[in-house]
Amino acid sequence: MPVTLTTAAHCPRKWETPKVSTAEELFKRSCPKDHERSRKLIQNVWFSILTQLSFFVNAHAEELRSFFVSHEGQKALEVIEVGTIHSADFGALALRMTRLIEKSVVDEELRTWIMPDFSTSTESDNVVAAILMMGALQKYFSFKVSLTCGIPSVTLLGERKDWENIVKKLERLYQLGDEPARFAQLLRPILNHFVASFDTPNSPDVLSFWSRCAHKDSMGSGPDYLCGWISAFCFWGEDGKLLCAESIHSSSSPNFQTQNTEWGLDAVLSRRIDTDDVPSGFASVPVTIDDNGVVYDAVMLAGLIGVQATSSGAMLDGTRDHNDSGVFQYNASGQLEPIVYSISPPTEEAALDSIQPLSGWWIHEKKRAKETEDRAVEKKGLRTTDRALGAFGAVALRKLTWIGNSKRSPDLKNLAF
Numbered sequence: 243m244p245v246t247l248t249t250a251a252h253c254p255r256k257w258e259t260p261k262v263s264t265a266e267e268l269f270k271r272s273c274p275k276d277h278e279r280s281r282k283l284i285q286n287v288w289f290s291i292l293t294q295l296s297f298f299v300n301a302h303a304e305e306l307r308s309f310f311v312s313h314e315g316q317k318a319l320e321v322i323e324v325g326t327i328h329s330a331d332f333g334a335l336a337l338r339m340t341r342l343i344e345k346s347v348v349d350e351e352l353r354t355w356i357m358p359d360f361s362t363s364t365e366s367d368n369v370v371a372a373i374l375m376m377g378a379l380q381k382y383f384s385f386k387v388s389l390t391c392g393i394p395s396v397t398l399l400g401e402r403k404d405w406e407n408i409v410k411k412l413e414r415l416y417q418l419g420d421e422p423a424r425f426a427q428l429l430r431p432i433l434n435h436f437v438a439s440f441d442t443p444n445s446p447d448v449l450s451f452w453s454r455c456a457h458k459d460s461m462g463s464g465p466d467y468l469c470g471w472i473s474a475f476c477f478w479g480e481d482g483k484l485l486c487a488e489s490i491h492s493s494s495s496p497n498f499q500t501q502n503t504e505w506g507l508d509a510v511l512s513r514r515i516d517t518d519d520v521p522s523g524f525a526s527v528p529v530t531i532d533d534n535g536v537v538y539d540a541v542m543l544a545g546l547i548g549v550q551a552t553s554s555g556a557m558l559d560g561t562r563d564h565n566d567s568g569v570f571q572y573n574a575s576g577q578l579e580p581i582v583y584s585i586s587p588p589t590e591e592a593a594l595d596s597i598q599p600l601s602g603w604w605i606h607e608k609k610r611a612k613e614t615e616d617r618a619v620e621k622k623g624l625r626t627t628d629r630a631l632g633a634f635g636a637v638a639l640r641k642l643t644w645i646g647n648s649k650r651s652p653d654l655k656n657l658a659f
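For the sequence shown, our numbering assigns the number 243 to the initial residue and increments by one for each residue that follows.
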């Protein structure tokens, strides 16, 4: 509860200080006089401390380097967001930048220490602290925000009841243990937004949800990370181990219950997956086939095996100038002004402009020992190919012996592997 101290007997007077335009004027005008009340927010006191600390750290950056970071020079950090300089939420981007800093400093608790966790703190206060953190560490990091084009449209196939049904199916995960229960917790608000897309497709909340599907966080010379709510679908690696540090609590504990949310995306949006660790979207299982006395060691494989491209039939955007959004140029008067992308009518004929994940399955014979030995030298390269081309392309490259064909054979001409 706030506390008010009466430090003088007289009543306050009306505040009549005019607007100011410099820090010096602000200092003079903001000094409380003898007839004006003074209010103090704890985060403002904390920000004053952080600002002073920032001056000291920047003045003694090299002396303090080993305290904050283990690298030399400035490490390049980059966040990527859909939008333009006029639509981007730079406050949210600053908060994302502090998550990158958090992964690159010696003290992993530094961000937690800096952020204001007071009862009066607001989201704006968090942004203030984030920018102060960036400012204090600017001798160790360079910061870049890249704004890109987003997905023009999203189509959810099926009926609303289908998407409601998949939300209900999450309940079974809670029976399998604490990790699957946490997996379900992260998925629930995502799937609820899928359902909401049928109800209010043009609402700001729904549109914002889809704009936060996926983005890449770059660590300069370090790894790249997959972020966005899509990361929730990369909960475990192929070895069954967690891909991201999670707060795993017993599903019956109070700590677990406080993590429950129907709509909140903060937890899933804070996750980052090294792009080298993104697991395959398919699974395989060995199967022995006895074909009238001839025995085959086979493998059945199923899951998301590629991307299928189709055409909506609509004419396409043939311009390229939107890539320059946020860039400044000199006008005829010699003044800098931003290049603003304005939507123009489509000019190109209809072509492949829509993509969707493709599910499928097949069965193939396992390689015999001699073939496996001959290909051992290529093993490392094939693993790279698996990641780059996807399951279908990797299997095709291996020239496996086919035993049968999928009953849902895809139209191969429009598939990307």
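Yeah, the Cβ is synthetic: ideal placement off N, Cα and C, and Gly gets one too. Note that the coordinates shown come from a computational prediction; the quantities given were computed from them, not determined experimentally.
Item                                                                                                        : Value
Proximity of residue 296 and residue 378 at Cβ, strictly below 7 Å                                          : yes
Beta carbon of residue 529 nearer than 7 Å to that of residue 540                                           : yes
Beta-carbon proximity check, residue 575 vs residue 513, cutoff 7 Å                                         : no
Spatially closest choice to residue 431 from 467, 408 and 503, by CA coordinates                            : 503
Beta-carbon gap between residue 222 and residue 321 smaller than 7 Å                                        : Since the first residue shown for the chain is 243 and the last is 659, residue 222 is missing from the structure and cannot be characterised.
Enclosing beta strand (DSSP E) for residue 599 [first to last residue]                                      : 596-607
Cβ neighbours of residue 435 in the same chain (closer than 7 Å, five flanking residues each side left out) : 448 and 451
Under the three-state DSSP convention, the category residue 403 falls into                                  : helix
Whether residue 319 touches residue 335 by CB criterion (7 Å)                                               : no
Residue 290 in three-state terms, based on DSSP                                                             : helix
Residue from 558, 437 and 362 with nearest C-alpha to residue 592                                           : 558
Residue 500 beta carbon less than 7 Å from that of residue 468                                              : no
Distance, residue 304 Cα to residue 556 Cα                                                                  : 57 Å
Residue ranges of each beta strand (DSSP E) within the segment 293-327, 3 or longer                         : 317-324
Residue 447: first and last residue of the uninterrupted alpha helix (DSSP H) it sits in                    : 446-453
Reference residue 380; option with closest CA among 314, 399, 394 and 400                                   : 314
Pair within 7 Å by beta-carbon distance, residue 520 and residue 455                                        : no
The segment 345-353 contacting the segment 486-496, beta-carbon criterion three pairs below 8 Å             : no
Backbone CA spacing between residue 329 and residue 466 [nearest angstrom]                                  : 25 Å
Cβ separation of residue 392 and residue 333, assumed to be a contact under 8 Å, to the nearest whole Å     : Actually they are not in contact, since the Cβ atoms of residue 392 and residue 333 sit about 19 Å apart, beyond 8 Å.
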